[in-house]
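Protein chains in written order, with the working numbering: chain C, 1 to 205; chain X, 1001 to 1205.
2 protein chains.
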Amino acid sequence: MPKTKTTASAPKRRRADAERSISAIVNGALEALASDPDASMAEIARRAGVVRATIYMHFPTREALLDAVMERSTEMVAQATREAEPERGDSKEALERVLLATWEQLSQFHSVLQININRLSAKELHRRHLPITTQFVPLLERGQAEGVFRSDVSAQWLIAVLRAIVHVASTELQAGRLSQAEVEQTMLTTALAAISSPQPARRRR
Amino acid sequence: MPKTKTTASAPKRRRADAERSISAIVNGALEALASDPDASMAEIARRAGVVRATIYMHFPTREALLDAVMERSTEMVAQATREAEPERGDSKEALERVLLATWEQLSQFHSVLQININRLSAKELHRRHLPITTQFVPLLERGQAEGVFRSDVSAQWLIAVLRAIVHVASTELQAGRLSQAEVEQTMLTTALAAISSPQPARRRR
DNA sequence: CTTGACTTGGACATCTGTGTCTGATTTATT
DNA sequence: AATAAATCAGACACAGATGTCCAAGTCAAG
């Protein structure tokens, strides 16, 4: 019985061990590329506990594998973002919540991001990040409408800035120039400062 | 060959055409790497109007050439920064002035930066950027002392944030998501917002 | 002008990585 | 147990890049 309530539009019926291999490969790739952005297919295969030819059984080319890796990465971040419920509650709090959630994921994937910055055009990169970035749009626009986030620049720009700040926080942490303890706070205050609407006479409570 | 580590302070007496070749090569490399971060030595030679072997006459290895390219790039940015006089005048104005100056340079070198992000460790990268970054320190610390820039985070962090913002502005411009006209203003306001000291009880008049 | 530094053009060896193929073997499914 | 799918192990062709080398020619400097 094809109990195929599987994923997207292409439910290839594969054997169970094939499925296992595929995820082992993608995981291995993730692992290998994290430590070396130019990791070869051989190295990836090694980490996946698989022979190189097996990779080509499922991914016609290296590019295809990288695509799969990227899709998986973005999906995980998108998932985490979604679970942080960007639409719920106070704008600022929601933003902090979501930033923290994506933040944790990003540490794993910052090298994959680097890879994709290099191999994809800026346009393509942007397109593939949509599953993540689009989730921020309603949040930011709501905040803008409420006067909480600044409206003199586009929501798109705010998103770009946020991403940059999260990324730089990750970098500074890894470089040891920020301690584990202070990163999150630092990141959040800076992010908030960067996108908050200038307060002519806002009263804190 | 007892080649003692020749730094900038060891001006080998070369013939005039050698000097010419060297700068042609570095320029060609800059040009080639800008359009393709993985440009081969052959491609670089072609752009420099030189034969491949000539490159090896002056740079023992590809890495050495990349180092030279990087040094030149950072020196140019450092120069532009210096000329913007980071220490002069009102903190905020000085910062804007300096940011605009480096901003113009960065558009040329953002691909070189990418290359170095990949080939160098974060520590090494940071070290080589010192000629630029150190120039920001006095400016930012002065601003912090004046209460203009926020002091609840380190000046180092502020620098990292500024760099990220400049970089993202460059990216957004190239992607066409910001117009030539609005980039600079957007960048400046965001940068200022990100690092300005929070006004706890600023009163409107 | 003469010498030596520099460049050219090309050949060459070497290396690394990708992608293909094949035959033997294991494994999942029915 | 039978069958087909998947993996393994290893060889192979191919491409591209790096770095070396050399013989001949060109150019700058004394």
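Where a beta carbon is used, it is the ideal one built from N, C-alpha and C, also for glycine.
C-beta atoms of residue i and residue j nearer than 8 angstroms
i         : j         : result
X/Leu1099 : X/Leu1173 : no
X/Leu1033 : X/Ile1115 : yes
C/Val137  : C/Ala164  : no
X/Leu1178 : X/Thr1190 : no
C/Leu30   : C/Lys92   : no
X/Arg1127 : X/Leu1066 : no
X/Leu1188 : X/Leu1139 : no
8 angstroms Cβ shell around residue i - same chain, five flanking residues per side excluded
i         : result
X/His1058 : Ala1018, Ser1021, Ile1022, Ile1025
X/His1129 : Thr1074
C/Gln105  : Met76, Val77, Ala80
X/Arg1150 : Gln1144, Leu1158, Ile1195, Ser1196, Ser1197, Pro1198
X/Ala1045 : Ile1025, Gly1028, Val1051, Arg1052, Thr1054, Ile1055
X/Gln1180 : Leu1173
X/Thr1171 : His1110
C/Gly49   : Ala24, Gly28
X/Glu1043 : Ala1032, Asp1036
Reference residue i; option with closest CA among the options
i         : options                                    : result
C/Ala122  : C/Met76, C/Ala160, C/Ala16                 : C/Ala160
X/Ser1197 : X/Gly1176, X/Ala1175, X/Glu1141            : X/Glu1141
X/Arg1097 : X/Glu1184, X/Ala1064, X/Ala1048            : X/Glu1184
C/His110  : C/Ala53, C/Val50, C/Pro37                  : C/Pro37
C/Pro60   : C/Arg47, C/Arg46, C/Met41, C/Arg72         : C/Met41
C/Trp157  : C/Gln180, C/Glu87, C/Ala194, C/Ala175      : C/Ala194
C/Asn27   : C/Leu192, C/Ala16, C/Met70                 : C/Met70
X/Leu1113 : X/Arg1150, X/Glu1043, X/Arg1072, X/Leu1095 : X/Arg1072
X/Ser1035 : X/Leu1095, X/Ser1107, X/Val1148, X/Gly1089 : X/Ser1107
X/Glu1063 : X/Ala1048, X/Gly1049, X/Arg1047, X/Ala1039 : X/Ala1039
X/Glu1182 : C/Glu182, C/Asp152, C/Ala175, C/Ala181     : C/Asp152
C/Gly147  : C/Ala169, C/Ala16, C/Asp90, C/Arg15        : C/Asp90
Beta-carbon contacts of residue i that lie in its chain and below 7 angstroms, excluding the five residues immediately before and after
i         : result
X/Thr1102 : Val1077, Ala1080, Thr1081, Val1166
C/Ala84   : Arg97, Val98, Ala101
X/Ile1117 : Leu1125
X/Lys1005 : At X/Lys1005 the pLDDT is 39, less than 50, meaning the model places this residue with poor confidence and gives no usable figure here.
X/Arg1088 : Ala1094
X/Ala1068 : Val1026, Phe1059
X/Arg1015 : none
X/Gly1176 : none
Where the alpha helix (DSSP H) through residue i begins and ends
i         : result
C/Asp36   : It is not in any alpha helix (DSSP H) - C/Asp36 carries neither H nor E in the DSSP assignment.
C/Lys123  : 122-128
C/Asp212  : Limits of chain C in this structure are 1 at one end and 205 at the other, which puts residue 212 of chain C out of reach.
X/Val1168 : 1155-1174
C/Leu113  : 91-119
X/Thr1054 : 1052-1058
6 angstroms CB neighbourhood of residue i in its chain, flanking five on each side removed
i         : result
X/Ala1145 : none
C/Gln135  : Thr81, Pro86
X/Arg1047 : Gly1028, Glu1031, Ala1032
X/Leu1169 : The identity of residue 1169 of chain X in the sequence shown is Ala, whereas the question assumes Leu. Excluding positions up to five away in sequence, the list reads Val1183, Met1187.
Residues that DSSP places opposite residue i in a beta bridge
i         : result
X/Phe1149 : X/Ser1196
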